[in-house]
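**Q** Take 288 as the starting number for the sequence shown in the numbering used here and just add one per residue.
Backbone N, C-alpha and C fix where the C-beta goes; we use that ideal spot for every residue, glycine too.
Here you go, one structure.
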Amino acid sequence: MSGADVALSVVFAALADDTRWSLLVRLGNAPASASALAAEFPVSRQAIAKHLAVLQETGLVTAEKAGREVRFTAVGATLSMIGRELETIAGGWDRRLNSIKAQAESAAPSTGR
């Protein structure tokens, strides 16, 4: 599944888990194997593997074989897509708030001073 094919609700559901969020942040800094990640997190390697599988399914990380190990990397394109969607939502809210502010200011009685 590519980043463009992933529904935002699925991505946010995956990121709602603290461990998966922490793994994504960690993998955003540098690729790592499941074993290396298991050494850094207070969960088993099997739990790390399950979390990584969820992140892979949502297109947030990719796996690449490097010799005998598989290294996981955060996918910038998917993260950028999420960022653009959030910026679009934020822009809508900003426009609404500015409209409310303008209406409130135009309805406020002037003090005449």
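Are the beta-carbon atoms of R250 and A301 separated by less than 8 angstroms?
**A** Absent from the model: residue 250. The displayed extent of the chain is 288 to 400, so no value can be given.
**Q** Let me know the secondary structure DSSP gives S320 once reduced to three states.
**A** Your numbering for residue 320 matches position 33 in the sequence shown. Of the three classes helix, strand and coil, the one that applies to S320 here is strand, per DSSP.
**Q** What residue range does the beta strand (DSSP E) around A361 cover?
**A** On the sequence shown, residue 361 is found 74 positions in, with the first residue counted as 1. Per DSSP, A361 belongs to the beta strand (DSSP E) from 356-361.
**Q** Express the C-alpha separation of A389 and W380 in angstroms, rounding to a whole number.
**A** In the sequence shown, the residue the question calls residue 380 occupies position 93. In the sequence shown, the residue the question calls residue 389 occupies position 102. Between W380 and A389, the C-alpha separation is close to 14 angstroms.
**Q** Hey, is the region 335-348 in contact with the region 302-312, meaning 3+ C-beta pairs nearer than 8 angstroms?
**A** The region 335-348 is in contact with the region 302-312.
**Q** What does the alpha-carbon distance come out to for the pair Q333 and G370?
**A** Locating residue 333 in the sequence shown gives position 46, where the first residue counts as 1. Locating residue 370 in the sequence shown gives position 83, where the first residue counts as 1. Near 30 angstroms, if we compare the C-alpha coordinates of G370 and Q333.
**Q** Specify, as a first and last residue, the run of the beta strand (DSSP E) that V348 falls within.
**A** The residue you call residue 348 lines up with position 61 of the sequence shown. V348 -> beta strand (DSSP E) spans 348-353.
**Q** Quick one: give me the first and last residue of the alpha helix (DSSP H) that V341 is part of.
**A** Within the sequence shown, the letter at position 54 stands for residue 341. 332-344 is the extent of the alpha helix (DSSP H) around V341.
**Q** If you count every other CB in all the chains shown that lies within 10 Å of the CB of I335, and 16 or more means buried, which is it?
**A** By one-based count along the sequence shown, residue 335 stands at place 48. So I335 ends up on the buried side.
**Q** Under a three-way DSSP split, which group does F299 fall into?
**A** For this step, residue 299 is matched to residue 12 along the sequence shown. Residue state, collapsed to three classes: helix.
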